[in-house]
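Just so you know, this note's numbering puts 407 at position 30 of the sequence shown, and the rest follows in order with no gaps.
We treat Cβ as the ideally placed atom computed from N, Cα and C, and that holds for glycine.
To keep things clear, I will list the structure first and then write my remarks on it.
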Amino acid sequence: MPSDVSIFFRPPGGWVGDVIPYFWDDRFWLFYLHETRSGVVDAGTSWHLACTRDFVDFDYHGEVLPHGGAEEQDLHAYTGSVIEHEGTHHMFYTGYNPAIRDPATGAPLQAVMHAVSKDLLTWTKLPQDTFHAPADRYDPADWRDPFVFRAPGERDFTMLIAARTTTGPERRRGCVARAVSGDLSTWTVTEPFSAPSRFVTHECPDVFELAGHWYLMYSEFSERFATRYRVADTPHGPWWTTEDDGIDARGFYAAKTASDGERRFAFGWIPTRQGLRDAGAWEWAGDLAVHEITAREDGSLAAAMPDTVRASFGTALKTPDPRPVNGSWSIHGDTVECAAPESLATLWAADLPARCRVTTTVSFSPGTRECGIVLRGSGDCDTGYFLRLEPLRHRMVFDRWPRAEQGLHQWQIAGDVPHAVELERPAELNPGDSHHLEVLIDDSAYVAYLDGQIAMSGRLYDRRAGGLGLFVGDGAARFTDTAVHVRTEGRDG
């Protein structure tokens with residue numbers, strides 16, 4: 378695999394929207410909503426497909442579920458799920474056309490739609506199976522993202538639907554509706570699957586079992602614009618919340634999962650930012666990101682880099698000897714230690730490769746306020762991107778400096794903003810413990826992992842070049858095994 382090949386999958390001529398992962402025939406079939414940003418209003422959204430066995434090499438198949446015409450319900454074929462039953466693959470998806478409206482409210486209707494296939498490549502739509510929200514209970518404009526599963530020991534199939542009730546505070550009507558069917562064609566809407574009165578909606582619902590617990594995963598844009606999860610002892614609840622109920626931060630959305638029978642992975646997208654600028658608004662769709670998820674003893678979920686992705690970075694670059702910039706540093710081979718009250722930095726001045734994996738292991742003394750790594754830093758580390766551990770606040774954050782374009786005055790540098798506020802993850806950071814940081818960088822996209830447990834994704838737009846730095850503030854820290862890895866040349870594509 379040449380080092381200039383993208384790490385995160387993005388299709389030619391488009392971006393990855395919501396992913397509908399499906400494991401079949403010893404590989405992952407990643408159906409996804411294909412975003413072209415053509416500028417044409419309501420040009421239509423279709424499902425495309427990429428297959429992979431290792432999340433390193435992808436076989437792109439292009440469009441597999443075409444969207445409907447201008448007068449059809451599925452002008453936009455939005456998110457859903459795929460399930461096999463008696464030798465046939467069943468696809469359930471959202472149909473949306475802003476021109477088709479509810480006669481009672483005037484709101485554009487969303488609908489659940491059905492298609493079938495024998496080979497996962499050619500699909501036959503079954504428009505007669507289309508159904509809408511019961512207007513007496515649910516908002517007809519929010520009836521999407523059908524997820525179908527059959528719980529162990531049950532005859533009927535259960536469908537989860539991202540929906541909104543017709544009563545209650547406007548911002549808290551989101552729920553996961555439930556429908557049941559014995560034949561995958563006719564569905565009966567029953568009581569809600571989950572209705573916590575917390576969010577605007579629960580997009581892309583997903584249910585799975587892992588290590589003896591059941592999980593309900595969904596994405597919300599009310600508070601954090603993030604993928605959250607709930608835990609239960611049965612596939613139908615009741616659902617409870619762990620201390621950390623997310624698997625990433627703002628830069629990873631609409632995650633859905635699939636298992637190969639042994640391991641489970643979450644598939645989401647790293648959104649682009651408007652104008653390809655760090656300060657640009659987050660946009661819908663971007664690059665595919667994949668986390669392996671495991672369950673901790675308390676039922677919470679951990680997110681890690683897939684082993685196959687890590688193994689593809691088989692070449693470690695020889696880095697120059699570190700050069701202290703300020704503060705007190707002690708350098709012995711690959712071990713770097715520093716201690717002083719002021720913020721400190723040391724730098725490998727050579728530019729980081731545009732696509733690489735950066736690793737380091739850090740431990741720190743009690744009372745240390747911050748420590749971490751600088752990505753694409755300037756020669757004095759005064760500017761760059763900062764992946765920062767904050768032990769006193771029990772979190773990992775992403776920051777950049779400067780945080781904003783400086784105004785006419787010295788103080789106009791966004792010093793009152795603590796970090797990129799959408800990009801923080803809670804973390805248990807104890808003095809004396811060793812913490813392993815690894816970061817995948819793919820041009821403008823990155824995913825950072827802490828201790829193989831905590832993931833945080835985002836973008837690096839404004840600085841496309843710069844070196845690697847280490848820093849500590851108000852304390853002491855010890856860094857070991859700091860390295861930059863690139864993809865192994867000659868890997869089969």
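Closest by CA to residue i, which one among the options?
i      : options                           : result
Phe644 : Ser636, Thr471 and Gln651         : Ser636
Val863 : Asp839, Val798, Leu694 and Ala804 : Leu694
Thr544 : Leu845, Thr567 and Ala572         : Ala572
Ser383 : Gly850, Phe690, Gly744 and Ala662 : Phe690
Arg753 : Glu674, Asp513 and Arg777         : Arg777
Asp727 : Glu440, Pro389, His491 and Thr696 : At residue 727 the sequence reads Ala, which differs from the Asp that was named. Nearest of Glu440, Pro389, His491 and Thr696 to Ala727, Cα basis: Thr696.
Asp436 : Leu426, Leu721 and Leu452         : Leu426
Pro529 : His466, Pro612 and Glu660         : Pro612
Arg654 : Phe400, Gly710 and Arg841         : Arg841
Asp513 : Ala540, Glu747 and Pro743         : Ala540
His812 : Val794, Ser740 and Arg772         : Ser740
Asn807 : Leu766, Ala656 and His709         : Leu766
Ala631 : Cys581, Ala680 and Gly638         : Cys581
Glu372 : Ala588, His579, Phe585 and Glu586 : Because the chain here runs from 378 to 870, residue 372 falls outside it and cannot be looked at.
Grab me the residues of residue i's own chain with a C-beta within less than 7 Å of its C-beta, minus the 5 sequence neighbours each way, in chain order.
i      : result
Gly559 : Arg532 and Asp533
Ser755 : Gly761 and Gly843
Phe508 : Ala488, Val489 and Trp564
Pro475 : Asp419 and Pro485
Leu800 : Ala626, Arg627, Gly628, Val774, Phe775, Met833 and Gly835
Thr723 : Pro699, Arg700, Pro701, Val702, Trp706, Val713, Gly846 and Leu847
My output table needs one value for residue i: the three-state DSSP class, helix, strand or coil.
i      : result
Thr685 : helix
Asp506 : helix
Pro768 : helix
Arg836 : strand
Arg607 : strand
Gln787 : coil
Arg780 : coil
Arg555 : strand
Gln651 : helix
Arg548 : helix
Asn807 : coil
Cys758 : coil
Ile624 : coil
Ile831 : strand
Trp617 : strand
Thr422 : strand
Trp646 : strand
Glu463 : coil
Leu486 : strand
Ile538 : strand
Ser677 : coil
Distance, Cα to Cα, residue i vs residue j?
i      : j      : result
Pro896 : Ser677 : An answer regarding residue 896 cannot be provided, because it is not within the stretch 378 to 870 covered by the chain.
Leu837 : Leu498 : 35 Å
Arg868 : Asp434 : Unreliable placement is indicated for Arg868, whose pLDDT of 43 sits below 50; the coordinate value is still reported in the next sentence. About 10 Å.
Val780 : Gln789 : A small correction: the amino acid at residue 780 is Arg; Val does not occupy that position in the sequence shown. Spanning the two alpha carbons is a distance of roughly 10 Å.
Ser574 : Gly551 : 7 Å
Trp424 : Gly457 : 10 Å
Pro768 : Ser599 : 28 Å
Gly852 : Val525 : 52 Å
Trp392 : Ser415 : 11 Å
Asp583 : Lys633 : 6 Å
Val751 : Ala716 : 17 Å
Arg641 : Val824 : 18 Å
Arg555 : Thr737 : 46 Å
Asp698 : Leu785 : 38 Å
Arg700 : Pro389 : 41 Å
Arg601 : Gln830 : 20 Å
Pro523 : Tyr455 : 10 Å
Arg548 : Leu561 : 32 Å
Ala688 : Phe385 : 15 Å
Ala804 : Pro683 : 20 Å
Pro648 : Gly638 : 29 Å
Glu449 : Ala791 : 49 Å
Excluding sequence positions up to five away, which residues of its chain have a Cβ less than 6 Å from the Cβ of residue i?
i      : result
Val735 : Val816 and Val861
Asp820 : Ala731
Cys428 : Arg404, Trp406 and Asp436
Tyr470 : Ala454, Gly457 and Met490
His796 : Val774 and Asp776
Report back the beta-carbon spacing between residue i and residue j to the nearest angstrom; my notes put them in contact at under 8 Å.
i      : j      : result
Cys758 : Val798 : Between Val798 and Cys758 the Cβ distance is about 22 Å, and since that is not below 8 Å, they are no contact.
Trp725 : Leu845 : 5 Å
Gly623 : Arg605 : 5 Å
Thr465 : Lys495 : 7 Å
Leu827 : Leu847 : No, Leu827 and Leu847 are not in contact; Cβ-Cβ is about 16 Å, not under 8 Å.
Leu764 : Gly749 : 5 Å
By Cβ distance, which residues of its chain are closer than 8 Å to residue i, with the 5 residues on each side in sequence left out?
i      : result
Pro615 : Ala609
Arg478 : Ala484, Pro485 and Leu486
Asp858 : Asp711, Thr736, Thr737 and Thr738
His590 : Val608, Ala609, Asp610, Ala672 and Gly676
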